[in-house]
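The block underneath contains the structure these notes are about, expressed in structure tokens.
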Amino acid sequence: MGENNTVVKVDHVTVRFNKASVKVDNLKEYAIRLLKRQLMFQEFLALQDVSLEVKKGEAWGIMGRNGSGKSTLLKLISGVLSPYKGTVKVNGSIAPLIELSAGLDGQLNAVENIFLNGALLGHSKKFMQERMDEIVEFAELKDFLEIPIKNFSSGMRARLGFSIATTVRPQLLIVDEVLAVGDVAFRQKCEKRMQDMLDKGTTLLYVSHSTNSVKKLCNKALWLNKGQEVMHGDVDTVCSAYMEALKAKE
Amino acid sequence: MKVEMMKERVKSLFRYKDLLAQLVSRDIKLKYRRSFLGYLWSVLNPLMTMAVMSVVFSQMFKKGIENYPVYLLSGNILYSFMRESTTHGLTSITGNASLLKKTYVPKYIFTLSKVTSDLVNLGFSFCALLVVMLVTRVQFSFTIFLCLIPVIELYFFTLGLSLFLAQASVFFRDVQYIWGPVVLAWMYLTPLLYPIDALPPKLGWIVSHLNPLYYYVQPFRQAVMYAQLPDWTLVWRGALIAVVMLIIGLWSFAKAKDKFILHI
């Protein structure tokens, strides 16, 4: 046990962005600025010295107001961003749902997208073929398989994306505020599926503004504010402290 | 240490082979979707281009070249491959920004898939070349199989070049606009339309020694249309340049890839 049990280990991580007022992306401007010595670097720390250790089977809710670094943390864990300081270690397969329709190509139809998206998550065509029916059924898109998905509604896209990412049974599921688009029935269905996955030992990282759904799904929580950790621990404790802080602001 | 890292890289490439296959098939599928003739365009397009160009230019170089259509087409399909794949490769990172921002995949896979799907397209163009060779009764010889050598070299050369351009254009979008004129100049500096000895000796020397494309076009023609063994000196130089270009591409890409996210 011990080390092997840890799925994600974020160790004193700082993420830095260049918040330069003007984005320099052409040669002429670069040359002029170089000569004028104006290639300034206005640093902005999206995360400061944040640590997080997620054990197998745990479900973490990540809370905080807009711009507090929640998505940055998830991007860090999914490998999209690399840290400026500190280290991030992940064991096992990840399905990042940082945006549900990110891996979908509008020109392709649903079936082709299932293969493409599966490949993006690291799965073979055969693997996806075996799960095709399950994906289509869960997404409720049986009658729309031949249509290029640029003609899909946002709800349909979200259903497809969620269905693909959860049907492949990843060891770590990362969900970033993606269920807001679906209707109530589908949202409940998604929550139920996530619950099932949790019961089977999947680890979950869940970003949501709804403390209710965090409480329902998660057993641990992390509260971020302006890139810094405010507190972490048991979900009820953190949630109530978070709610109180929100109320105090008002 | 380095060897371990290389091993790790190759392993990760293997792990993402399905993604590569999916991306390549997406490019090929989407290219002709909704066109009536579909994939046939991949053969027809070079044929028609060749027809136009050979009508125009065969008047100019009448004396120099025997079987002008095959001469022109054989050089042109290699050049077109280089032009298309670098132009596509150039935008392979900036064009997939939304994906790169939201999910982790090795970034070079997008450049690799673009160059590879254009290689498939080169296969179609090669069929067009075979058609023209049949029609003009070029004598086929076993040396035609040797044309694969310069094609493979060109593939790696182009891959290296595309990787370099792709990372450069993330930081400086200007690269996209500069590249058009550059490849146009490159076309005229390569003996595609004219025979190499039509150039003044000095320029001819420069072209045949400093233009990498010459190292691929010339052996390719020798093998395909002249039924000769390719000039091995050219083949070796071509291989060397391809390896050097690939290393430059991989190195510059590897150095820059972690900063992409901040610029796309």
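From first to last, the protein sequence lines are chains F and V. Residue 298 in our numbering sits at position 113 of the first sequence, with consecutive numbering throughout. Residue 301 in our numbering sits at position 242 of the second sequence, with consecutive numbering throughout. Glycine is no exception: its CB is placed at the ideal position from the N, C-alpha and C atoms.
By how many angstroms is the C-alpha of residue j removed from the C-alpha of residue i?
i, j, result
"residue 186 of chain F", "residue 192 of chain F", "Its pLDDT being 42, under 50, residue 186 of chain F is placed unreliably by the model, and nothing is read from it."
"residue 250 of chain V", "residue 273 of chain V", "7 Å"
"residue 164 of chain V", "residue 203 of chain V", "38 Å"
"residue 301 of chain F", "residue 82 of chain V", "7 Å"
"residue 240 of chain F", "residue 236 of chain V", "50 Å"
"residue 242 of chain F", "residue 236 of chain F", "19 Å"
"residue 70 of chain V", "residue 76 of chain V", "10 Å"
"residue 262 of chain V", "residue 268 of chain V", "10 Å"
"residue 334 of chain F", "residue 287 of chain F", "12 Å"
"residue 283 of chain V", "residue 223 of chain V", "31 Å"
"residue 270 of chain F", "residue 317 of chain F", "41 Å"
"residue 384 of chain F", "residue 403 of chain F", "12 Å"
"residue 296 of chain V", "residue 110 of chain V", "32 Å"
"residue 339 of chain F", "residue 310 of chain V", "40 Å"
"residue 198 of chain F", "residue 178 of chain V", "42 Å"
"residue 113 of chain V", "residue 362 of chain F", "59 Å"
"residue 382 of chain F", "residue 354 of chain F", "8 Å"
"residue 271 of chain V", "residue 173 of chain V", "21 Å"
"residue 299 of chain V", "residue 214 of chain V", "13 Å"
"residue 221 of chain V", "residue 401 of chain F", "49 Å"
"residue 275 of chain V", "residue 410 of chain F", "59 Å"
If you count every other CB in all the chains shown that lies within 10 Å of the CB of residue i, and 16 or more means buried, which is it?
i, result
"residue 277 of chain V", "buried"
"residue 249 of chain F", "buried"
"residue 289 of chain V", "buried"
"residue 141 of chain V", "buried"
"residue 266 of chain F", "buried"
"residue 303 of chain V", "exposed"
"residue 424 of chain F", "buried"
"residue 293 of chain F", "buried"
"residue 186 of chain V", "exposed"
"residue 115 of chain V", "exposed"
"residue 313 of chain F", "buried"
"residue 144 of chain V", "buried"
"residue 67 of chain V", "exposed"
"residue 281 of chain V", "buried"
"residue 429 of chain F", "exposed"
"residue 260 of chain V", "exposed"
"residue 247 of chain V", "exposed"
"residue 394 of chain F", "exposed"
"residue 272 of chain F", "exposed"
"residue 209 of chain V", "buried"
"residue 135 of chain V", "buried"
"residue 212 of chain V", "buried"
"residue 238 of chain V", "buried"
"residue 74 of chain V", "exposed"
"residue 85 of chain V", "buried"
"residue 254 of chain F", "buried"
Taking the continuous alpha helix (DSSP H) assigned at residue i, which residues delimit it?
i, result
"residue 422 of chain F", "420-434"
"residue 411 of chain V", "Shown here, chain V extends from 60 to 323; a query on residue 411 of chain V therefore has no answer."
"residue 89 of chain V", "76-90"
"residue 320 of chain V", "Counting along the chain, residue 320 of chain V falls outside any alpha helix (DSSP H), and DSSP gives it neither H nor E."
"residue 381 of chain F", "369-384"
"residue 260 of chain F", "255-263"
"residue 402 of chain F", "396-402"
With 8 Å as the threshold, decide whether the Cβ of residue i is near any Cβ in chain B.
i, result
"residue 263 of chain F", "Among the protein chains in the structure shown, which are F and V, there is no chain B."
Mind checking which residues open and close the beta strand (DSSP E) that includes residue i?
i, result
"residue 294 of chain V", "Element bounds for residue 294 of chain V: not the beta strand (DSSP E) but the alpha helix (DSSP H), 291-315."
"residue 233 of chain F", "228-240"
"residue 273 of chain F", "270-275"
"residue 214 of chain V", "Run containing residue 214 of chain V: none in the beta strand (DSSP E); it sits in the alpha helix (DSSP H), 207-230."
"residue 405 of chain F", "405-410"
"residue 392 of chain F", "388-392"
"residue 343 of chain F", "First-last for residue 343 of chain F: 339-352, but that is the alpha helix (DSSP H), not the beta strand (DSSP E)."
"residue 203 of chain V", "Run containing residue 203 of chain V: none; DSSP gives neither H nor E here."
"residue 360 of chain F", "357-361"
"residue 244 of chain F", "244-248"
Could you tell me which whole alpha helix (DSSP H) segments of length 4 or greater appear in the stretch 291-333 of chain F?
Counting only runs of 4+ residues, the alpha helix (DSSP H) found wholly inside the stretch 291-333 of chain F occupies 295-305 and 310-324, in chain order.
Curious, which full-length alpha helix (DSSP H) runs of at least 4 residues does the stretch 116-169 of chain V contain?
Counting whole runs of 4 or more residues, the stretch 116-169 of chain V contains the alpha helix (DSSP H) stretches 127-149 and 156-161.
Minimum length 4: unbroken alpha helix (DSSP H) runs contained in the stretch 238-273 of chain V
Annotation: the stretch 238-273 of chain V contains the following complete segments of the alpha helix (DSSP H) (minimum length 4 residues), in chain order: 260-269.
Tell me whether the stretch 90-97 of chain V and the stretch 312-328 of chain F touch, counting them as touching only if at least three CB pairs, one residue from each stretch, are closer than 8 Å.
No, because fewer than three Cβ pairs between the stretch 90-97 of chain V and the stretch 312-328 of chain F fall closer than 8 Å, the two stretches do not touch.
Any contact between the stretch 95-102 of chain V and the stretch 145-154 of chain V? By contact I mean 3 or more CB pairs, one from each, below 8 Å.
Too few Cβ pairs lie closer than 8 Å, so no.
At a cut of 8 Å, does the stretch 173-189 of chain V reach the stretch 102-118 of chain V through at least three beta carbon pairs?
Counting C-beta pairs with one atom in each stretch, the stretch 173-189 of chain V and the stretch 102-118 of chain V have three or more that are closer than 8 Å, which means they touch.
Three or more C-beta pairs below 8 Å linking the stretch 345-359 of chain F and the stretch 373-387 of chain F
Yes, they touch.
Quick one: any contact between the stretch 222-231 of chain V and the stretch 190-210 of chain V, if contact means 3 or more CB pairs under 8 Å?
Result no; under three Cβ-Cβ pairs closer than 8 Å.
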